[in-house]
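**Student:**
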Amino acid sequence: MLLHTRRLATLARSWRLFLSFFKEQTSPDEFYLPLARDTAALVTALHRDCGLPLPSTLVDVGSGPGYFQGAFAPATYISVDPYEPADIRADGRNLPFATGSIDCAMSSNAAEHVANWQQMGDEMVRVTKPGGLIILSYTIWLGPFGGHETGLWQHYLGGAFARDRYTKTHGHPPKNVFGETLFDVSCADGIRWSHSVPDADILGLFPRYHPQWAWWVTRIPILREFLTSNLVIALKKAES
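Counting in the working numbering, the sequence shown runs from 548 upward without gaps.
1) Could you have a look at Met653 and say whether DSSP puts it in helix, strand or coil?
2) Within 8 Å, do at least three Cβ pairs link the stretch 679-695 to the stretch 651-666?
3) On the DSSP bridge assignment, give the partners of Val608 in chain order.
4) Counting only runs that start and end within the stretch 644-708, where is the alpha helix (DSSP H) found for 4 or more residues in a row?
5) Pull up the distance between the alpha-carbon of Thr765 and that of Leu704, whole angstroms please.
6) Rounded to the nearest angstrom, what separates Glu659 and Gly598 at their Cα positions?
7) For Ser610, count neighbouring Cβ atoms within 10 angstroms of its own Cβ and tell me buried if that reaches 16, exposed if not.
8) Gly751 by DSSP, collapsed to three states: which one?
9) From Lys722 to Ala592, what distance separates their C-alpha atoms?
10) For Phe619, which residues from the same chain have a beta carbon less than 7 Å from its beta carbon, with the 5 sequence-adjacent residues on both sides left out?
11) Which term fits Glu786, buried or exposed, when burial requires 16 or more other beta carbons within 10 angstroms of its beta carbon?
12) Name the DSSP bridge partner or partners of Phe725?
13) Looking only at C-alpha atoms, which of Leu752, Pro621, Ala633 sits nearest to Pro612?
14) How about the stretch 745-758 and the stretch 706-722: do they share at least three Cβ pairs that are nearer than 8 Å?
15) What residue from Glu631, Gly690, Gly726, Gln572 has the CA that sits closest to Leu770's CA?
This is how it looks when you write it as structure tokens:
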């Protein structure tokens, strides 16, 4: 049922986050800090829905520019990123943690920046303790924000077109370069992967930024690719 998680998913929250998306490039604090607080609230709600205590150790895979740490206090928050300053500089597809050593592994808006992102998901499952949660969310390519800063419609004409148009318009390549640091990950890709994980149960597959009454969109093939801006995959690792 995910009662606490559904209570979090209000229309007012969706609207606040929507407005903040346009500030990522010009005023990153106004984008990343609310997103960090919202991510922490999501992690808290999912643990409450499972009757689990808040995690003592949490690994953030693809942690980005460092805004999330304060939102997760007092947990031991470990940031992992191959490019940005992080507690551990590493590729999410090869996490430097022992199997079953982390209470919770999460990743927010990183999978679409990783080629063969399923390897990263598998690694998150591996390092999580039995009974712990894996929370992975990512931007859907055919959703309105799939092209990231390259535009709200240009990516529908192809990632290369959107990349080249941005470069021509702005005189420099985009931060997220299609084919190098941005990939066309679908909603169906994530759903297929979640069902393929042998040692974890699916808690929920839902659109992260939609109000809960609109969660139905992820159940409709094709339509979900355009109406889901970001998919949450929430798994609970099987008890040993």
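Virtual Cβ for every residue (Gly too), placed ideally from N, Cα, C.
Keep in mind the model is a prediction, meaning the values are calculated, not measured.
**Tutor:** According to the data block:
1) Taken through DSSP and simplified to helix, strand or coil, Met653 comes out as strand.
2) Touching, per the Cβ criterion.
3) Per DSSP, the beta bridge partners of Val608 are Val627.
4) The stretch 644-708 contains these whole alpha helix (DSSP H) runs: 664-674.
5) Rounded to whole angstroms, Thr765 and Leu704 show a C-alpha spacing of 23 Å.
6) The C-alpha of Gly598 is placed about 30 Å away from the C-alpha of Glu659.
7) By the neighbour-count rule (16 or more Cβ atoms within 10 Å), Ser610 is buried.
8) Note: Gly751 maps to strand in three-state DSSP.
9) Distance between the alpha carbons of Lys722 and Ala592 is about 32 Å.
10) These residues qualify, in order along the chain: Ala587, Leu605.
11) With fewer than 16 Cβ atoms within 10 Å of its Cβ, Glu786 is classed as exposed.
12) Here Phe725 is bridged, per DSSP, to Leu729.
13) When only C-alpha atoms are compared, the closest one is Ala633.
14) Cβ pair count under 8 Å is below three, so no.
15) It is Gly690.
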